[in-house]
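In the numbering used here, the protein residues as written are 9 to 681.
Glycine is no exception: its CB is placed at the ideal position from the N, C-alpha and C atoms.
All values reported here derive from a predicted model rather than from experimental measurement.
Structural data, given as C-alpha cells:
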C-alpha cells in the first residue's frame, strides 16, 4: 500500500481529536517501550496512547506493540485505530484468546534453529514454553489446522532428520515464551475507526479525503480498559511530526506522499513530508491545466531533526524530480532564521525554494514565498508501472491518466559491469565475455560446504523474475489422488532470486514449481553462478553440461501422502544437499535450454526454456548482479515470462488451460540434444 495512507489516517485522527474532543495530541512519542503513533492528554488529565495501521489486516507485530505500550506505565488507556477494525474487534471481544498463528510459527522456527545449533534441547524448549506461557494460549487451536498450539510448536520446532541449514536465528527461551504470550490482543485494548474511503486501491472522494475534517466522523468502536499509569509521556512542541501536522492542517494534501527517488538506491520512489495541491487534487489534471494550479512539495524539519547538510541534499533531490511547481522547507518558528540563512546562501534554493514556519500556537505562516517552478512531470515510472505524484500505487476516483511520467532509468547514468561495459537491459548475452566454445572452457567449480558457506543472506531478498516453462515436475497433489506417482505434465514456474552471499560472492536461487509441494530448489553460489551463466550463454556452441549446486527435490517415490507424515518432505529452502543441475541444448523456438534437477522424472523437475526466455534470464541475472535490479522490466512487481517472451501473470491460476488448451499428454522433448 502507498506510503501516504497510514500517515493520512494519522493526520485525520489527530485533527478530529483536537477539534472534536479538545485533546492535546502529539505523534511518534517515546514511551520507553518504543515510539507510539499518537500520544494524547484529555481535558480530564488522562493520557491515551494510540497505535495506527493503514489497512484492514493487523500484521504480526501489533499484539506485541500494544502490549508494550500498555505496560510502559505512561498511559491510562491504549487504543488501536484503523479505517477498519472489525478483525481486531473479533479478537478483542472473543471469550477466549485468539493468538496470531504467524507469530507462533515464527517463534517455533527460531526454536528449531536453537535446537539445531545445540543451544538447548527440544524437551528443554517445550518444557520452558509450557511453564511460562498461559495455558489459555497453548490450548487454542491453530486457525488453519485442527491442532493445539502446544502440539504445533513441538512439531515445527523439532529439527528434521536430514541435513538442515536454518534460515532463522536461534531465539532465547525467555524471549520465545514472551513472544508467544504476547501473540494475542489484550482484552483491554480500545478500538477507533477512522473512515478513510479506500476501495480496491482507489481513494474515493479525494477532494474530501485530503482536507482536514473532510472525512466522516471518527468512531470509538470499543472502549479501552483502564491501566495502571505511574508516569506521563512527554508531549513536546516543535518536533517534526508536530510541524508536519500543522502544515497539513493548513495546506491539506498527502502526508508522506510518494515521489521519484533520484538517490543511488534500488528504491524507485520515496516519501516527502507533504504533497499538497492548489487548484485540484489530481496532479495529472493540474499538469494539463496550463498553470492554473500547483503541485506543492514540503520537506519538514523539527528542533531535533534539522541538519543543514541533510536539508540541502533533500531539497536538491526534490528539485531534480520536476514533479513540483512549488517547493517549501517547513520549520518551527525557532528555526526560521537558520532556514532563511540556508536558503538565501544557496543560489539555487534562493531562486526555487520557499519557507513555511509554524508558530508556538501551531499557526502556519509563509515566511518566504516559493518561486514558481516548471511542472515537468505529473507522475513517475516504477518497475514499468506508471504512478501518480503523491498517490503512488493508489488510484484517484475520477482522476486523469498520467501523461508525462518521470523515468528514473532515463535520468540516471547506466552502471558498468566487471568488463567496463554498460549494464543495460538490451544487451546480447550470446556476445558476452561469458561465452565459451567448448565444455572444457567452462569455469571449474564443485559443491559448496553446507555448514555456512551458502547460508541465505540476512536481508530479505525478492524474486527478480519468473518463467513459465513447459515440462514435468514432481507434484504429488496435482491430480488429487494419493496413489498417483507420475510427475505432472504441463507448465512449470521457475522463480529466480539473485542475492549476494557477501561483497564478493554472488548467489542465485532457482525454484522450480509454484510452491513448496512441487518440483525442486537449487542454490548456486560464487563460481557455480559463473558456470551457470557461461553454460546458458554458450548453448549455440556446447550441447550439455552439469552444474554443481545445492538444494532439494520433491521425490514422488518416497513421498508420504498422509498429512501427518509429509512434514519435512516439502521443498524447504532451509535444506541444501549437493546436487547437479543439467543444462542441455534444445531446439525450442531457436536455441533454447532443457533444465533438469534430479536424476529421474519422479524426482524434481525437467523443463524446456525457449531461446527468448533463456536470453531474458541471462539479462535478468546480469542486471540484478551488476546493474540496478529496479530496471528489470516489469509492472507491479516481477514478471512471469512465458515461452513467447511476454508476461503471463494476467493469465490466472489455470496456466495449463490458458497457455496450452490442447491435451498435454505428449510433451515434445525431441528437440533436446
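Put residue i into one of helix, strand or coil per three-state DSSP.
i           : result
residue 690 : Past the edges of the chain, shown from 9 to 681, lies residue 690, and the structure says nothing about it.
residue 314 : coil
residue 269 : coil
residue 234 : coil
residue 165 : helix
residue 44  : strand
residue 149 : strand
residue 459 : Note that residue 459 has pLDDT 45, beneath the 50 cutoff, so the model's placement of it is unreliable and no number is given.
residue 12  : coil
residue 124 : helix
residue 179 : coil
residue 197 : coil
residue 352 : helix
residue 338 : strand
residue 374 : strand
residue 245 : coil
residue 594 : strand
residue 414 : strand
residue 224 : coil
residue 108 : coil
residue 393 : strand
residue 21  : helix
residue 409 : coil
residue 722 : Residue 722 cannot be examined here, being either before or after the span of the chain that is shown, 9 to 681.
residue 512 : coil
residue 264 : strand
residue 26  : helix
residue 255 : helix
residue 113 : helix
Please return the same chain residues whose Cβ sits closer than 7 Å to the Cβ of residue i, not counting the five positions on each side in sequence.
i           : result
residue 441 : 427
residue 167 : 120, 123, 124
residue 258 : 372
residue 243 : 32, 34, 37, 47, 49
residue 341 : 365, 366, 367, 368
residue 638 : 274, 276, 391
What is the residue span of the beta strand (DSSP E) that residue i lies within?
i           : result
residue 427 : Unbroken run through residue 427: none, as it is neither H nor E.
residue 286 : 277-286
residue 89  : 85-90
residue 532 : 528-533
residue 446 : Run containing residue 446: none; DSSP gives neither H nor E here.
residue 304 : 302-308
Look up residue i in the DSSP assignment and give the residues it is bridged to.
i           : result
residue 588 : 556
residue 614 : 480, 604
residue 97  : Answer is none; residue 97 lacks a bridge partner.
residue 69  : Its beta-bridge partners do not exist; DSSP assigns none.
residue 497 : 480
residue 329 : According to DSSP, residue 329 bridges with nothing at all.
residue 35  : 46
residue 520 : 502, 528
residue 473 : 504
residue 58  : 46, 87
residue 398 : 266
State the start and end residues of the unbroken alpha helix (DSSP H) segment that holds residue i.
i           : result
residue 402 : Segment: none, residue 402 is in no alpha helix (DSSP H) and carries neither H nor E.
residue 363 : Note, residue 363: premise wrong, no alpha helix (DSSP H); beta strand (DSSP E) at 361-366.
residue 155 : Run containing residue 155: none; DSSP gives neither H nor E here.
residue 293 : 291-295
residue 624 : 619-634
residue 137 : 130-140
residue 215 : 214-217
So, for residue i: in the same chain, excluding its five sequence neighbours on each side, which residues have a beta-carbon less than 6 Å away from its beta-carbon?
i           : result
residue 651 : 618
residue 535 : 451, 453
residue 334 : 302, 304, 378
residue 375 : 344, 363, 365
residue 642 : 391, 392
residue 240 : 55
residue 215 : 289
residue 634 : 425, 431
residue 537 : 514, 516
Tell me which residues share the same chain as residue i and place their Cβ nearer than 8 Å to its Cβ, disregarding the 5 neighbours each side in the sequence.
i           : result
residue 1   : Because the chain spans 9 through 681 in this model, residue 1 falls outside it and cannot be assessed.
residue 177 : 118, 121
residue 683 : Residue 683 is absent from the structure shown; the chain starts at 9 and stops at 681.
residue 3   : Nothing about residue 3 can be read from this structure; the chain reaches only from 9 to 681.
residue 227 : 200, 201, 203
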